[in-house]
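Student:
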Amino acid sequence: MKIQLLIASDDDDYREQLSQVLTERYSDTFEVSVCSSAPRLAEQLSRRVFDAALLEPELAEHVQLSQVRMPLLLWNGSAGYAVSEHVRQIRKYQRISSMVSQLLEQYAAVAEKSGDAELERGRITVVWSPSGGCGKTTAALAYAAQRAGEGKKSLYLDLEAFSSGPVYFSQNGKSISSVFEKLDENVELLLQSIRQKDAVSGIFYFSQPENYDDISILTQEDVRLLVNASVQGIDELVIDLSSTFDDKIQMLLELADRILLVTDSSRASQQKLEQFRTQHSIYEKVREKTIQVANKGFRIHSEEGEHAVLLPLVKSSDPVTVYQTLSAGFFKE
Numbered sequence: 014m015k016i017q018l019l020i021a022s023d024d025d026d027y028r029e030q031l032s033q034v035l036t037e038r039y040s041d042t043f044e045v046s047v048c049s050s051a052p053r054l055a056e057q058l059s060r061r062v063f064d065a066a067l068l069e070p071e072l073a074e075h076v077q078l079s080q081v082r083m084p085l086l087l088w089n090g091s092a093g094y095a096v097s098e099h100v101r102q103i104r105k106y107q108r109i110s111s112m113v114s115q116l117l118e119q120y121a122a123v124a125e126k127s128g129d130a131e132l133e134r135g136r137i138t139v140v141w142s143p144s145g146g147c148g149k150t151t152a153a154l155a156y157a158a159q160r161a162g163e164g165k166k167s168l169y170l171d172l173e174a175f176s177s178g179p180v181y182f183s184q185n186g187k188s189i190s191s192v193f194e195k196l197d198e199n200v201e202l203l204l205q206s207i208r209q210k211d212a213v214s215g216i217f218y219f220s221q222p223e224n225y226d227d228i229s230i231l232t233q234e235d236v237r238l239l240v241n242a243s244v245q246g247i248d249e250l251v252i253d254l255s256s257t258f259d260d261k262i263q264m265l266l267e268l269a270d271r272i273l274l275v276t277d278s279s280r281a282s283q284q285k286l287e288q289f290r291t292q293h294s295i296y297e298k299v300r301e302k303t304i305q306v307a308n309k310g311f312r313i314h315s316e317e318g319e320h321a322v323l324l325p326l327v328k329s330s331d332p333v334t335v336y337q338t339l340s341a342g343f344f345k346e
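Under the working numbering, think of the first position of the sequence shown as 14, with each following residue one higher.
1. State the Cα-Cα distance for the pair residue 65 and residue 188, rounded to the nearest angstrom.
2. If we require 3 or more residues per run, which beta strand (DSSP E) segments fall completely within the stretch 259-290?
3. Which ranges does the beta strand (DSSP E) cover as unbroken runs of at least 3 residues, wholly within the stretch 143-208, from first to last along the chain?
4. My output table needs one value for residue 125: the three-state DSSP class, helix, strand or coil.
5. Quick one: what does DSSP say residue 323 is sitting in, helix, strand or coil?
6. Answer yes or no: do residue 321 and residue 341 have a C-beta to C-beta separation smaller than 8 Å?
7. With residue 54 as the anchor, note down where its alpha helix (DSSP H) starts and where it stops.
8. Taking 8 Å as the threshold, find out whether the stretch 192-204 comes into contact with the stretch 142-154 through three or more Cβ pairs.
9. Who are the Cβ neighbours of residue 208 in its own chain at under 6 Å, not counting the five residues just before and after it?
10. Please classify residue 173: is it buried, with 16 or more other beta-carbons within 10 angstroms of its beta-carbon, or exposed?
11. Within the continuous beta strand (DSSP E) that includes residue 231, where are the two ends?
12. I need the straight-line Cα distance from residue 236 to residue 261, nearest angstrom please.
13. Measure from the alpha carbon of residue 339 to the alpha carbon of each residue in 294, 273, 159, 177, then state which is nearest.
14. Is residue 266 near residue 228, with beta carbons less than 8 Å apart?
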């Protein structure tokens with residue numbers, strides 16, 4: 014559901030620019046209304062309730078704000094205004110993307126928690142391998158980039174014990190650890206507030222955790238909540254998992270709509286894959302939604318009823334070049 018946002022400002026240029034950008038770039042997040050005077054503001058607040066409002070202090074000073082769940086005063090850097098001790102401020106002149114991030118983060122604290130499985134969601138694709146070093150992260154990013162190139166909103170979620178995210182993406186935004194600390198709030202909005210987009214590939218992503226423990230101490234239910242919140246408002250959630258197997262991994266394999274099971278030509282990779290296929294009961298449960306991904310030019314032998322994708326060997330020492338090369342249509346629907 015969209016956030017009902019009111020922009021109340023008598024600064025015509027500012028109001029029009031802000032509302033236009035929010036409408037064009039964040040139409041899946043906000044439904045925007047505007048007003049330019051105190052009487053008009055009072056009239057709108059008498060007729061409907063708003064989730065959030067960005068208010069010029071001069072317009073809000075003599076208006077009852079009970080119809081706004083989260084009013085925010087537009088602060089221009091001058092002395093503050095005492096409209097109410099319960100009304101917070103937000104900097105007026107800043108990058109709109111930063112303002113949106115702050116607005117969502119603050120609104121998450123007052124909004125109702127999302128309803129998990131009851132909400133419409135995109136597709137969940139889990140990328141996993143029982144063997145490390147076979148190019149699992151490369152395959153995950155290549156798939157996410159291919160989906161982004163097809164015009165889909167594709168989000169990469171790194172749940173590996175040790176993240177390699179900084180190798181591929183800028184880490185300028187807030188760490189995903191900031192969400193782990195607030196799992197009792199509206200996690201969907203918190204994740205939207207820190208989500209970033211890679212300018213080259215079009216992949217959405219989160220900055221890495223602050224330390225190893227932030228991922229390892231998450232419970233199974235924490236992970237389920239995180240995944241169900243991440244997949245809201247996007248087309249494809251691509252989850253990169255560690256090459257281990259525990260209750261959290263099993264839960265995610267069962268939760269996924271699609272599994273990319275990555276392997277290469279090494280004997281260790283082949284042996285571990287064979288053990289997983291023949292010695293673990295979970296494989297038969299997820300077999301129909303599993304695609305085996307043979308990486309680095311390996312010609313995999315797939316059994317009847319199994320699906321396979323063959324990725325060529327890309328000769329480059331740059332991991333970004335490798336995944337971007339592999340994003341050119343090798344994963345078929």
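In this text, a Cβ means the ideal position worked out from N, Cα and C, and glycines have one as well. Bear in mind the structure is a predicted one, so any value in this text is a computation, not a measurement.
Tutor: On the basis of the data shown:
1. By one-based count along the sequence shown, residue 65 stands at place 52. By one-based count along the sequence shown, residue 188 stands at place 175. So the alpha carbons of these two residues sit roughly 25 Å apart.
2. 271-276
3. 167-171
4. Position 112 of the sequence shown holds residue 125. Of the three classes helix, strand and coil, the one that applies to residue 125 here is coil, per DSSP.
5. In the sequence shown, counting from the first residue as 1, residue 323 sits at position 310. Residue 323: strand per DSSP, three-state reduction.
6. Within the sequence shown, residue 321 is the residue found at index 308, counting from 1. Within the sequence shown, residue 341 is the residue found at index 328, counting from 1. It is not a contact, given that the beta carbons lie outside the stated cut-off.
7. Taking the sequence shown and counting its residues from 1, one reaches residue 54 at position 41. 51-60 is the span of the alpha helix (DSSP H), which, as asked, contains residue 54.
8. no
9. The residue given as residue 208 occupies position 195 in the sequence shown. Cβ within range, chain order: 217.
10. Looking up residue 173 in the sequence shown gives position 160. That one is buried.
11. On the sequence shown, residue 231 is found 218 positions in, with the first residue counted as 1. Where residue 231 is concerned, there is no enclosing beta strand (DSSP E), given that its DSSP letter is neither H nor E.
12. Here residue 236 refers to the residue found at position 223 of the sequence shown. Here residue 261 refers to the residue found at position 248 of the sequence shown. Cα-Cα distance, rounded: 7 Å.
13. Residue numbering aside, residue 339 sits at position 326 when the sequence shown is read from its first letter. Taking only the C-alpha atoms, the option nearest residue 339 is 159.
14. For the purposes of this step, residue 266 is identified with residue 253 of the sequence shown, where counting begins at 1. For the purposes of this step, residue 228 is identified with residue 215 of the sequence shown, where counting begins at 1. No, they are not a contact pair.
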